[in-house]
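S.K.:
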Amino acid sequence: MTEKRLLIVSGTHGNEINPIWAVEKFKKSINFECKDRNLEFILGNPNACEKGLRYIDVDLNRSFNVERTKSNENLYEIKRAEFLLNNFGINSSQPYHSVIDLHTTTSCMGTSIVMYGRREKDFCLAAILQNKFGLPIYLHEKDHKQTGFLVEAWPSGLVLEIGPVAQNHYNPEIVDRFVLILNFLKELFDNFKTSQINLPEEITVFVHQYSIDYPRDKDYKINALIHPQRINKDWCLLNVGEPLFKDISGENIIYKGSGPVYPVFIGEAAYREKRIAMSFTEKEIIKCSENWKKSFLN
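Residues in the sequence shown are numbered from 0 upward in steps of one, following numbering that gives the first Met the number 0.
If you want it as structure tokens, here you go:
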């Protein structure tokens with residue numbers, strides 16, 4: 000078993016300000032010093048944070064993609080992604096093995112975990128967190144339009160997502176939720192060599208199927224809003240035939256999918272530019288494996 004080092008990233012999106020405050024509060028509470036060998040904090044997108052914007056040129060959390068880097072190398076976030084990898088990536092002079100990317104959402108997601116793909120190390124860490132805090136897990140896969148996520152560029156990594164909270168709005172309760180989990184993660188990695196990792200028998204994940212846009216008219220303008228019965232119902236079952244949107248005339252638009260789904264990131268403000276009103280998931284129960292633990296520890 001080797002030493003493991005954890006990188007905590009806040010401010011990946013510059014208008015998500017609660018994670019930044021939470022990191023400063025946490026560092027003060029533990030008298031953090033930069034010489035701590037196992038833990039480091041970095042502001043993901045400092046220019047966007049200074050301006051209170053999600054990003055300057057492109058979304059930093061879609062910029063860790065080799066093909067995109069080659070064709071957009073002069074964009075600020077592409078350069079920033081390269082800087083983060085060169086200084087904190089697994090092939091840097093002081094490599095970090097795991098990364099936690101802190102985010103907030105305007106959707107009613109509560110405190111949740113986002114995984115990208117089915118890496119064993121990620122499953123292990125997600126299982127530990129779900130077992131400790133009861134957090135729902137959104138497993139994002141099968142979406143070729145959304146790639147280049149920050150945590151995918153490290154051997155293991157998860158997104159910690161908390162909401163709802165408006166962009167550029169502080170919420171002390173959300174700050175404290177971040178701090179609680181940061182304390183647990185520090186203890187886990189501080190005692191890595193001696194920690195007994197006990198996984199539950201199984202975990203529940205919500206597996207991404209596809210995303211949907213708002214209904215639009217012939218000029219591509221939004222002409223229906225999320226139905227009042229569906230607002231703030233992230234993680235809740237949506238059955239075929241139930242109302243999903245309400246159009247500008249007040250008529251209901253029902254869900255006509257092939258089967259029941261669990262919507263997440265319902266009405267996320269930042270996703271409107273990506274033409275995403277919500278994403279549909281299906282619930283999956285996954286048996287925990289000893290291989291997850293072995294992969295995480297090695």
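Note that the Cβ used here is the ideal one computed from N, Cα and C, for glycine as well.
Of all the alpha helix (DSSP H) runs that stay within the bounds of the region 145-180, which reach a length of 4 or more residues?
M.R.: List check, alpha helix (DSSP H) in window: nothing returned.
S.K.: For residue 82, which of 99, 96, 97, 63 has the nearest alpha-carbon?
M.R.: Here the question's residue 82 lines up with position 83 in the sequence shown. With distances taken between Cα atoms, residue 82 lies closest to 63.
S.K.: For the alpha helix (DSSP H) that residue 18 lies in, which residues bound it at each end?
M.R.: Residue 18 sits at position 19 when you count from the first residue of the sequence shown. It spans 17-28 - the alpha helix (DSSP H) in which residue 18 sits, taken as one unbroken run.
S.K.: Please report how far the alpha carbon of residue 274 lies from the alpha carbon of residue 114, in whole angstroms.
M.R.: Your numbering for residue 274 matches position 275 in the sequence shown. Your numbering for residue 114 matches position 115 in the sequence shown. Approximately 22 Å, taken between the alpha carbons.
S.K.: What number of angstroms, rounded off, separates the C-alpha of residue 131 from the C-alpha of residue 48?
M.R.: Along the sequence shown, one-based indexing puts residue 131 at 132. Along the sequence shown, one-based indexing puts residue 48 at 49. Near 31 Å, if we compare the C-alpha coordinates of residue 48 and residue 131.
S.K.: Given that a residue counts as buried once 16 or more other Cβ atoms are within 10 Å of its Cβ, and exposed if not, what is residue 15?
M.R.: Translated into positions along the sequence shown, residue 15 becomes position 16. Buried is the call here.
S.K.: Assess contact between the region 101-109 and the region 159-174, defined as three or more Cβ pairs (one per stretch) separated by less than 8 Å. Is contact present?
M.R.: Enough Cβ pairs lie closer than 8 Å, so yes.
S.K.: In whole angstroms, what is the alpha-carbon distance linking residue 294 and residue 204?
M.R.: Numbered from 1 along the sequence shown, position 295 holds the residue referred to as residue 294. Numbered from 1 along the sequence shown, position 205 holds the residue referred to as residue 204. Spanning the two alpha carbons is a distance of roughly 20 Å.
S.K.: Pull up the distance between the alpha-carbon of residue 57 and that of residue 74, whole angstroms please.
M.R.: In the sequence shown, residue 57 corresponds to position 58, counting from 1. In the sequence shown, residue 74 corresponds to position 75, counting from 1. Approximately 7 Å between the Cα atoms of the pair.
S.K.: Would you report the Cα separation of residue 296 and residue 251, rounded to the nearest angstrom?
M.R.: Start at 1 with the first residue of the sequence shown, and residue 296 comes out as number 297. Start at 1 with the first residue of the sequence shown, and residue 251 comes out as number 252. If you take the alpha carbons of residue 296 and residue 251, they lie about 51 Å apart.
S.K.: Are there three or more Cβ pairs, one per stretch, closer than 8 Å when the region 146-155 is compared with the region 89-96?
M.R.: Flag = yes, the region 146-155 and the region 89-96 touch.
S.K.: Please report the distance separating the alpha-carbon of residue 121 from that of residue 189.
M.R.: Here residue 121 corresponds to residue number 122 of the sequence shown, with the count starting at 1. Here residue 189 corresponds to residue number 190 of the sequence shown, with the count starting at 1. Approximately 18 Å, taken between the alpha carbons.
S.K.: Taking its Cβ as the centre, do 16 or more other Cβ atoms sit within 10 Å of residue 22, making it buried, or is it exposed?
M.R.: Working through the sequence shown from its first residue, we reach residue 22 at position 23. With 16 or more other Cβ atoms within 10 Å, it is buried.
S.K.: How long is the line joining the alpha carbons of residue 292 and residue 60, rounded to whole angstroms?
M.R.: One-based indexing of the sequence shown puts residue 292 at position 293. One-based indexing of the sequence shown puts residue 60 at position 61. Those two C-alpha atoms are separated by around 27 Å.
S.K.: Output needed for residue 133: all residues of its chain with C-beta closer than 6 Å, excluding positions within five of it in sequence on either side, in chain order.
M.R.: What you label residue 133 is simply residue 134 of the sequence shown in a count that begins at 1. If we look at residue 133 and ignore the five residues flanking it on each side, it has no Cβ neighbours.
S.K.: Can you pull the DSSP bridge partners for residue 115?
M.R.: In the sequence shown, residue 115 corresponds to position 116, counting from 1. In the DSSP output, where bridge partners are listed per residue, residue 115 has 139.
S.K.: Could you compute how far the alpha carbon of residue 71 sits from the alpha carbon of residue 249?
M.R.: In the sequence shown, the residue the question calls residue 71 occupies position 72. In the sequence shown, the residue the question calls residue 249 occupies position 250. C-alpha separation (whole angstroms): 43 Å.
S.K.: Distance check for residue 45 and residue 258, CA to CA, integer angstroms please.
M.R.: The residue labelled residue 258 in the question sits at position 259 within the sequence shown. The residue labelled residue 45 in the question sits at position 46 within the sequence shown. When rounded, the distance between both Cα atoms is 43 Å.
S.K.: Does the Cβ of residue 210 have 16 or more other Cβ atoms within 10 Å, making it buried, or fewer, making it exposed?
M.R.: Locating residue 210 in the sequence shown gives position 211, counting from the first residue. Per the 10 Å Cβ criterion, buried.
S.K.: Are residue 202 and residue 126 closer than 8 Å when you measure CB to CB?
M.R.: For the purposes of this step, residue 202 is taken as the residue at position 203 of the sequence shown. For the purposes of this step, residue 126 is taken as the residue at position 127 of the sequence shown. It is a contact, given that the beta carbons lie within the stated cut-off.
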